[in-house]
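Residue numbering for the sequence shown follows the working numbering, starting at 15 and increasing by one per position. Don't be surprised by glycine CBs; every beta carbon is placed ideally from N, CA and C. Shown next, in structure tokens, is the structure this report addresses.
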Amino acid sequence: GKYLLSPQKVVKTEEYHQIMREIEGEISRTTLPSIRMHIVEAKNPLHYYNLYAQSQQADIVMSIYGENRYELEYKYTTWVSTTRKHYPRISLQLLCDTLNALEPSEKKWTAEHFTDTAPILRLQGKKLSKKERYLSPTERPIYSSGISPEVFKNICIEYFEEFYKELEPGETLEWNEVRRINETLFKSVKN
């Protein structure tokens, strides 16, 4: 019972064993409260249960895996109505543009629209279906980038620090209000 109160009651499926193997591996976790981001670093992609473990105080999870493989995802909790305070979602398109300007590979950085259930910023090989995006990162391809982990991390952190400085965390907003906030934030960037 190192991790579970009643381990004898757990059905030990392959998924269970995978999660337990990951827990025993080396995983580094950092939460940045000022931008509500949880950064997870591990050698290989993690099951969602492990990826989101200890991310209760975050709305965004950045994954940094070995071989320069990265993802950044808005948590579902920023999509549903909650009374827990969080920042409104902001567009990831400008962040994709910044990363694409630095990416030496043929692949492109993409992200779903901020109104998607759980947008993922990732280096695109083939376009993932919605079902593939909802699978754990262990079950979808995550491509190697030519951008170093430190540069990727710093660019993403600076992006959210820059745009969140104009905003305050609050309860979930209506989508028309989130769209208005994005139009206001990014209008100044386009001009």
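Any non-hydrogen atom of the ligand PLP closer than 7 Å to residue i Cβ
i            : result
threonine 97 : Looking at this structure, you won't find the ligand PLP or any other ligand, since it has none at all.
Contacts around residue i, its chain only, beta-carbon distance under 6 Å, and the 5 residues preceding and following it disregarded
i                 : result
glutamate 146     : Arg154
serine 158        : Glu81, Asn82 and Arg83
tyrosine 62       : Ser150
glutamine 68      : Arg43
lysine 57         : Gly80
phenylalanine 174 : Ile49
proline 163       : Ile78
isoleucine 171    : none
Residue i - DSSP class collapsed to helix/strand/coil
i              : result
lysine 23      : helix
glutamate 191  : helix
glutamine 67   : Note on identity: in this sequence residue 67 is alanine, with glutamine being the wrong assignment. Here alanine 67 sits in coil by DSSP.
lysine 122     : strand
isoleucine 134 : strand
histidine 31   : helix
leucine 86     : strand
Close-in-space but distant-in-sequence residues of the same chain around residue i (CB under 8 Å, 5 per side omitted)
i              : result
valine 192     : Pro102, Arg103, Phe128 and Thr129
isoleucine 195 : Pro102, Ile104, Leu181 and Leu187
glycine 139    : Lys121, Pro155 and Tyr157
valine 165     : Leu116
Anticipated Cβ contact below 8 Å, residue i with residue j, distance rounded
i              : j            : result
isoleucine 74  : lysine 167   : So it is not a contact: roughly 12 Å between Cβ atoms.
isoleucine 169 : leucine 113  : 7 Å
glycine 184    : lysine 99    : 6 Å
glutamate 36   : leucine 60   : 5 Å
glutamine 71   : threonine 45 : 6 Å
cysteine 110   : threonine 92 : The pair is not a contact, with the Cβ atoms about 18 Å apart (cut-off 8 Å).
Contacts around residue i, its chain only, beta-carbon distance under 7 Å, and the 5 residues preceding and following it disregarded
i          : result
valine 203 : Leu108
message = If we require 4 or more residues per run, which alpha helix (DSSP H) segments fall completely within the stretch 149–183?
response = 163–178
ask   = Given 8 Å as the limit, is there contact between the stretch 100–109 and the stretch 126–139, that is, 3 or more CB pairs closer than that?
value = yes
Complete runs of the alpha helix (DSSP H) confined to the stretch 35–79 [at least 4 residues] = 62–65
inquiry  = Pairs of beta-carbons, one from the stretch 49–56 and one from the stretch 167–183, closer than 8 Å: are there three or more?
reply    = yes
task = Determine contact between the stretch 105–120 and the stretch 26–33, defined as no fewer than three beta-carbon pairs at a distance below 8 Å.
result = no
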